[in-house]
Each structure stands twice: as structure tokens, then as C-alpha cells.
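This note's numbering puts the first residue of the first sequence at 34, with every later residue one more than the last. Here a beta-carbon is modelled for each residue, glycine too, at the ideal position from N, C-alpha and C. Some notes on the structure that comes next.
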Amino acid sequence: MTDAEVDFNKIAKKWQKKWADSGIFKVREEPKKKKFYCLEMFPYPSGAGLHMGHVRNYAIGDCHARYKRMRGFNVLYPMGYDAFGLPAENAAIKNKINPKKWTEDNMALMKSQQKQLGLSYDWDRELATCYPEYYGWNQWIFLKMLEKGLAYKKKALANWCPSCKTVLANEQVVDGGCWRCHSPVEQKELEQWFLKITAYADQLLTDLDKLGNWPERVKVMQKNWIGKSEGVTTTFKVKDMDIKFSVFDSVPQTFMAQTFTVIAPEHPAVKELVKGTKHEKQVMEFVERIKRKKATDKFDIEKDMEGIFTGRYLEYPLAGDRLLPIWVASFVVYEYGSGVVNCSAHDKRDFDFARKYEIPLHPVMHPPDAKEAEKVRNLEYCYYKDPEGILDEPAKFKGRKWGDVREDIVRHLESTGYGKKEVNYKLRDWLISRQRYWGTPIPVVYCKKCGIVGVPEKELPVMLPEPEKVKFTGEGNPLDSCGEFVNVKCPKCKADARRETDTMDTFVDSSWYFLRYCSNKEQKMPFDQKAAEYWMPVDQYIGGIEHAVMHLLYARFFTKVLRDLKLVDADEPFSNLLCQGMVLKDGAVMSKSKGNVVDPRTIIEKFGPDTARLFILFMAMPEKELEWSDKGVEGSFRLLRKIYSLATKKLSYGNGKGLLSKDKQVLSKTHSTIKKTTEMVEEFRLNAAIGGVIELVNVLSKYSEGEVNKEVYKEALLNLTLLAAPFAPHIAEELWEIQGRKGFASLQNWPEYEEEKIDKEAEAMEQLVHTTLSDFETVLQLAKIEKPKEVVLVVAPGWKYELFRILKEELKKTRDQRALINTCLAEKDIKPHGQEVAKIVQAVLKDPGKLPQMILGKEKEQEAYAAAKETIEKEYGAKVKVEDAEKSKEQKARQAMPGKPAIVVR
RNA sequence: GCCGCGGUGGCAGAACUUGGUUAAUGCGCUUGCUUCAGAAGCAAGUGAGAGCUCCACUCUCGUGUGGGUUCAAAUCCCGCCCGCGGCGCCA
């Protein structure tokens, strides 16, 4: 670097200020303009500030937002904070810090870092969920759901995290532990608030198909989570008792094989089944033991398949007077279906269980192969779910295939009066109660007379009491300690009443924040309908894969509920989803405990925000994991410096008359780079896009060292500036200014690939230079040196191989032509692209009469050769014939091959 | 077990949609120039192996693995192996 060192941070600050002062990133609804809503998952303001994962997230999002803006879209690109949550409260308990203050400090820190990165947010739309202006609308939506029966309270076994001292939703239990602190989750019976997400199970499932641009794996995860299964529920009586069991069966075809029944240990009916019998003691001991095991350890089906007979039988009139012994079995899931299952020989797990406890089995289906059928009848192995399987029973369906008898069996079961077609889901209702302070108060009052009363709309928001009025002891819900909050009058009868002290799961906050951004100042409603109509759905959502189920499912649910409330018309909140990969260091996720954290601040301070952003975008595809590399950061830094010097260095201009071939190449490179970069950015292959830009930088860098054509250089530099704008916006602005342009680079139109403006020859050259052998150059060389009378260009398969084999032969006969070749290459200012060029030239020099024939096929190449033909004819006066060999290319190729050089390409 | 994704030089990662001399781009490394020296910068080189006194050059093998289609396969088809992620008793 010969110039004075550039202070990229100074440049960054300068432009950040100009952007802010001019307000260029503020947006309004403009019905005439095409809108684009670009959104990143808003961060939780933790005390540590931004980490690399955030930087990556925002670099991707900002790049996209800037690109779309330059493409002429009216871009909504907002930022906010998911500000409620446990860490704030824990800080309050541990360090006696005001959770509100703590959160606000963190938000301020984060915001300053985001500003330091130069992200093009419309900061006027900022929101934070911990303020009544926001959470009041959580309450409003909750009340609407309460009205609709979508919010309800029930006593249920809940997942309890003893460390966080709160309840967790099913989705928040990961590997039997708390999703946040990983402590083992306990089961506790509590009265809790639920949102009826199951009412939308089917829609949430089927609408996944509308999400064409979501990653497949996310869709699969959601699908698994919803877990739809269709089948038949049959209801039978327990012998000698007044108990009936409904049993769900998704594989009803083999119902005649059912020989025993299993019931979940947690099932309350177990107690009744054994009450007062000789089995009682043993069975109840078993139940307790299994419950404990399930609660603590990782429960493993393979090892822990256990059961115990209850002494009771289920009547099974479908098979005459068959009685099914009822067992308590460890593997039965109480929460799924009815917690009772009928078992048969045609299920792997049932089969294994029956063998273990020597329960009789009764196969009713056999494989087509007679030998195998015999094995199945002898119970040598479990035969299940084979579409080719042939039924033996019931008699009515004997001989039918398992694969196509299903519907008939279902109808048959329904006709018996015992069965009913039913759909089951794994999805459970969403438990939103949290026994915590730092969250949205659930707007409900308990009155002795009126029962559960929703707080009237006009009294919203139910404000969280100031932290000073609450005791943070670490035991129980802090809100219970605030009498002023708890003791209220019933809104209906004005009698003394008690306020609900549960607060909402913070996932409620993030389930509709994208709607609030559309009109974050709205006072009368959660959001302005017209604004939401204009902006929704989010066109591009970007965030971590860890939210594949929870957040994304809840947000989809809320959107559907709000749609049914006629507040939005979008079915789905996010049309495109990008799940960015993790940022790794030394092969592991960056984490404090591993000590491999790289603080974005140090990188920004040292190299400036553009370097940090460019590096993080260039190092890997957005979806993939990114391995941090300090050296790579320096590489990006060097690149930016190189770009900067392209605009500031002294140039020596040529006489400016006509374009030299190198000028044409630069021009052509410029435009092909526009083309490539545009394609890559559209496809979110930002790493490849940057790779392309770097190529252009390298070409320009080299070009700028010799004599340059003023106009060509100007055009190249201008386009380079614009192409770089989404990736390194500050430097792009600076270059823009250096080039004497007015306004902001950020607001310019994205450059277009202008085909007609480019010299055809150079374009043709361009298309071939990097992808394949520069055939065109070769032909030009030949034409220039020998001024041949005729060049035949034809297309056929295998050309390169054949051509070069022949040329090699030629070469062998030649000696000492190297000097000459090198001379002509130098003169033409062409970097010897391959030995091949030299070889061809050499061959031609040896025997000018024997020219290679080339047979062209591909559209691209045809164009290239057409251009070549034109040039050669014009400039060198030789005749060129281009043959279209598309239809019979192989035939032609073969004809062309013997004795003569040929090109074999399809 | 089921589902999804992937496997390319020393590393990250292009090229796979549309089969055409595999390896764009960056990092690293080697050599040279520059420098008091270092850093930075610039220039050339860099898949592996072998042959050749040297140079020039030549040969063989190379995209996890084994097959197939094709004049031609990283690319298309089939089998297998390995890795990552998700689901996990779902009746």
C-alpha cells in the first residue's frame, strides 16, 4: 500500500451519520411501489451485546435489504428487541438489579453495535416487547382468544423447570431438559393457561405446502412436530367393570390380530383397574417406578420396555368373545391418543413386548411367499406394514392386500358401531403460563362470584408493577408479592377479586411482532390493518435454525388466528425463510464456556464494519456453518483496501481512440460480473457473488497499472461501486463520492447487464475465457498470424480431446517454435491461458493449410462463434463458415474426425 | 429405525440446475522484487505420483466408494460407506 492508510472506521462513521441525517432508510406505505419486507429474527438483549451469530444474521439481511432497495423495491427493514425473559429477572434476583433498567441498558448496547455495523434499518419502527405499548396488545390478543375459546385454563401435568422455577411448553423441553438452562424437567400438576394451537393443527400442516421457499428440513421438522396420523378409534368395555376405553389405531387393517391391551403408567384408570385386587400393590409399585424413571433418566425403548399385568381384560367383540389382557406398559405415551393401545402381532414393538412376557399372538396377515408365510405363522419374526401382505382375517377380507384394503376396513369397523374414523396429532396445546415477573401479565381476574373474568379492553394494558414494588427472592412468582397488583376489584361485580399473576411465555411476544413493525405507533389496535395489508407477508425472514419449531410454528399460529379475527389477510407470515448457519471457531460453536468467542467489537474496531460484513458473507454460503478465520478477515480487509485504491490511484490514460482488446475485456468483464453477481445475490449465494466481484477487482487492478481507457475505467469503477454497495456499503458510498457522484450509492439503481452496449467480440471472448478453453482467442490468433482463406467452425462431441491429440502429433514434428509463439502471445497481451493455445498456434504455424475444424452445439458457443466469425471476416479478411450441427452433431463429428482436427462438444 | 442434508487440493468453498481439459475466489504455502528490518504491497508458482542431468516437456492417477448410461460424468442413474441435523416409543 503506497497511499496513506485508509481509516475505514472513519469512513463508516461519516456515512452512518449521513444516512441517519438524511433519513434515507425510512419507509412509508407507497401503494404504487412494489414492497419488500425483509426481516431478521429480533434479538434478545442479553448483557453480552452482539455476538458473531447476530452479525452474520444482520449482514445477510442488510445485504438483501440493500439489494432489494437498489432493485427499486419499497423495502421495510425494521429492528426491535425481544425484551422480556428470564435473564433480566435472574439478574434482578442475583444482583439486585432492576430488570427493566438491565434490559434497557442491554438494548442500548445492542443498538449501538447495530448502528456501528451500518445496518440500513428504519429505526423509527423500532419496538421492544417489554413496554406496555407492545405487551398491552399481547393482552388484547389474548382476550380475543379467550373470547373465541382459543385461550383456556386447565389443570394439567406441566413441565416444570426447577431451576427457572417456571413451567415450560412442550416445545421448550429439549432432551428432557429445559431449553434454556438444560436442567432436568419435572412433571408437576398445575392450573395453567393454554392456547389452543391444536385447533389449527390441520391448517398448520397443510399450509406448509404453501411455503415453497422454506428449507425442506424446517418443513419436515414442523410436520413431525404436528404429527398427524389418521386412523380408527374403537371403544370397548373392561370386563366386570364400568370402564370403557377408547383406543386409537392408525393401522386398522390388522385389527383381527389384536390380542392384548397396554395402558400408560400415568393413566388414572390404572388405579381403578387394580383397586382391591391382588395385583394392586405390584402394579402401583411398577407405575411409580416407571414414572420416576421417565421423569429423570433418558428413557430408552430398547432397554426399558417393561410391563405388568393388571389382572383385567378388555372385551373385544370384534373377534367373537376374545378378551384382551390389559397390561401396564412403560412405552405407552399417556399424552398421545387415549393412552391406551391395543396390540397385535403385526407391530414390531407389540411383538417384542408379547414375546418378552409370553403373551399369545395371533397373526392375521402373511407375505405372498409361502415359505415366509409359514415363518410368520410360527411367529419367527414380526411381519408388519407390507403393502403386499395378504390378510387372512376377517373372513370378509380374506385374500385382500394390506396395501389397498385400508379404506374398506375402516368402513367395516365403523359399521360395527365400535369404531370411528379419527385423526390424531402429536401437537399439544401451547402452555403459556409462566410464574415469572418479567413478562406480559395475563389479563384475567379471579372473582369468587364471577369466576374467571377477562380484563375489559378499555382497562388495558394491565401494567406490570414497577420493579421496586416487587420482591425478587428467587422463590415463587415475584408478582405474588405485590399486593397492589394482586388485589383488585372484579370488573363485573366490583367485589374483591384476585388478579392472575402468571405472565405469558415470551414466545407470545415474538409471535406477532412482525405485524407491529408495519405500524409501530398505532394506538387503537395492535397494528394498522391497512399497513399490514400493504406490508405482509414478510418476503424474506432470516434467522437461526433453532427456531425451526417453536417460534416459527407459534408465529404461523398467531397469523392464522389474527386472520380469522379479520385483522390480516395473510395466511402465512413468512413467504421465504433462510436459516443461517452457525459461526464456528476451531470446529466448535462459539461459546463462552469453550473460550472460543470472537467479539465482533474487536473486529470492527480494527478493520471497520465493512470488513466484518464482507468476510462473514464471503466465507460460507449463508445456510452453512462458517468457520471463523482471522486470516480470512485480513483477506477481506486487503480486498477493501484494493477496491479503495482503484478509485484513488493515479492512472495513465491512453490516447482514447478506439478500444484495445484489453479495454474490451475489462468492459466485458464488468458486465459479465454484473450478470453473475445479480444471479448469485438473487439465489442468496452471497459468497459466490462476492467471489465474482473480487474477480472484477483483480482484473481492474491489473488493468489500472497500464494505460487505461478513461471511459472504460470509469464505467467499470462505477459498476463495481454499485455491485459492492450491498456488501460493503460504507466504502461504496465513499467511492461514489470520490467518483464525483451526487446522492447516495445506496439509493442508486442496481446495474443492469447491458448486452447491446458491449462489444460483441469482447463479449464472446468473455463467455469463453474462464469457462472453457479460449477457442475464440485461438481462432483470432490463427487468423491474425496466417490470414487464412477460410476457417470452418463446426460443432460435435469430443472435440477437445481429439483436437489436442492431433495437435500433439503436429507438435511432435515441430521444433523450436516456442520463441515465436511467446512473442505473438505477448503482443496480443493475452495471458497464456493454457498450453493448448500455444499448441494450436504451433500446429498452425507448422502447417497453415491444415486448420482445425470446430463443431459447435451449445447456444452460447454458437453465439460466441458467430461473433468470432464476424470479427475475423471484418478484421482479417478471412472467410468463416459456421455450421449448425445441433441435429446430427454426433454424426458430423464422426465424419469430421478422421484425419482432420475436430471439435467434439455437445 | 425413519426423514432431511451433505462428502471436491493443505483449508474454506466454486463448478452439479444445462455432462465437455475439475478446482472460480479467498486463505495458507514456495520463490523473487521492494524494505535497515518487519508488516503491507507487487510478480510468478502451488492436486498427487512418476519419468527426464537441466530446461522444454511427457505419462499415470485424481471430486467418499463400487457399478451403470455416454464419444465424454464432480455433474445423470443404481448399490454401498461415512458425516451432520431432526424425529424417537405416536399404536
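Taking only the alpha-carbon atoms, compute the straight-line gap between T710 and Y416 and give it to the nearest angstrom. So the alpha carbons of these two residues sit roughly 56 Å apart.
Suppose the cutoff is 7 Å on Cβ atoms and the five residues either side in sequence are ignored; what does the same chain contact list for N375 look like? V280, D282, Q291, T294, L357
Taking only three categories from DSSP, how would you classify C163? coil
Distance check for K50 and I771, CA to CA, integer angstroms please. Taking the Cα positions, I771 is about 18 Å away from K50.
Can you check whether the CB of M398 is closer than 8 Å to the CB of D354? no
State buried or exposed for A141, treating a residue as buried only when at least 16 other CB atoms are found within 10 Å of its CB. Exposed is the call here.
Can you confirm whether the region 512 to 522 touches the region 565 to 578 when touching is taken to mean that 3 or more C-beta pairs between the two stretches lie within less than 8 Å? no
So the candidates are P78, G86, N128, A125; which of them puts its Cα closest to the Cα of Y114? P78
With a 10 Å radius around its C-beta and 16 neighbouring C-beta atoms as the bar for buried, classify T162 as buried or exposed. It is buried - the Cβ of T162 has at least 16 other Cβ atoms within 10 Å.
For the pair the region 478 to 485 and the region 545 to 558, tell me if three or more CB-CB distances fall below 8 Å. no
Same chain, Cβ closer than 6 Å to W545, five either side skipped, listed in chain order: Hits under 6 Å: F591.
Can you tell which of F278, D513, K775, V495 has the C-alpha that lies nearest to the C-alpha of Y167? V495
How is the beta strand (DSSP E) around L357 delimited, first residue to last? 355 to 362
To the nearest angstrom, report how far apart A53 and P511 are at their CA atoms. Each residue's Cα considered, the two are about 41 Å apart.
Going by the beta-carbon positions, is the gap between T536 and P474 smaller than 8 Å? yes
Taking the beta strand (DSSP E) that Y349 falls in, what are its first and last residues? 340 to 349
Beta-carbon separation of V200 and S466 under 8 Å? yes
CB-CB length for V456 against Q255, believed under 8 Å: Wrong, their Cβ atoms sit about 17 Å apart, outside the cutoff.
Along the chain, where does the alpha helix (DSSP H) that runs through E63 open and close? No alpha helix (DSSP H) contains E63, which DSSP labels as neither H nor E.
Buried or exposed (CB count within 10 angstroms, at least 16 for buried), P393: Result: exposed.
From W48, E159, L446, pick the residue whose C-alpha is nearest to that of A778; which is it? W48
CB contact flag (F651, N742, <8 Å): no
Alpha carbon to alpha carbon, how far is L150 from Y550? 21 Å
Starting from the C-beta of G509, find all residues in its chain whose C-beta is less than 8 Å away, skip the five residues before and the five after it, and write them out in chain order. K198, Q468, listed in sequence order.
Give, in chain order, every unbroken run of the beta strand (DSSP E) that is at least 3 residues long and sits entirely within the region 563 to 619. 573 to 577, 610 to 613, 616 to 618
State the start and end residues of the unbroken beta strand (DSSP E) segment that holds C483. Premise fails: C483 is in no beta strand (DSSP E) and is neither H nor E.
Report the three-state DSSP secondary structure of F386 (helix, strand or coil). helix
Whole-angstrom distance between G105 and E249, CA atom to CA atom: 30 Å
Do the region 679 to 686 and the region 121 to 129 meet, that is, are 3 or more Cβ pairs less than 8 Å apart? no
V265 to K308, Cα distance in whole Å? 30 Å
Are there 16 or more other CB atoms within 10 angstroms of the CB of H704, so buried, or fewer, so exposed? Buried: at least 16 other Cβ atoms inside 10 Å.
Test item: CB-CB of T539 and G472 under 8 Å: yes
Taking contact to mean 3 or more Cβ pairs, one atom from each stretch, closer than 8 Å, check whether the region 762 to 770 and the region 670 to 682 are in contact. These segments touch.
In the DSSP assignment, find the alpha helix (DSSP H) that holds L753 and state where it starts and stops. 743 to 757
What are the boundary residues of the alpha helix (DSSP H) that includes C96? 85 to 103
Our contact map puts H580 next to M74 with C-beta atoms below 8 Å; I'd like the distance itself, whole angstroms only. Sure, about 6 Å apart at Cβ, within 8 Å.
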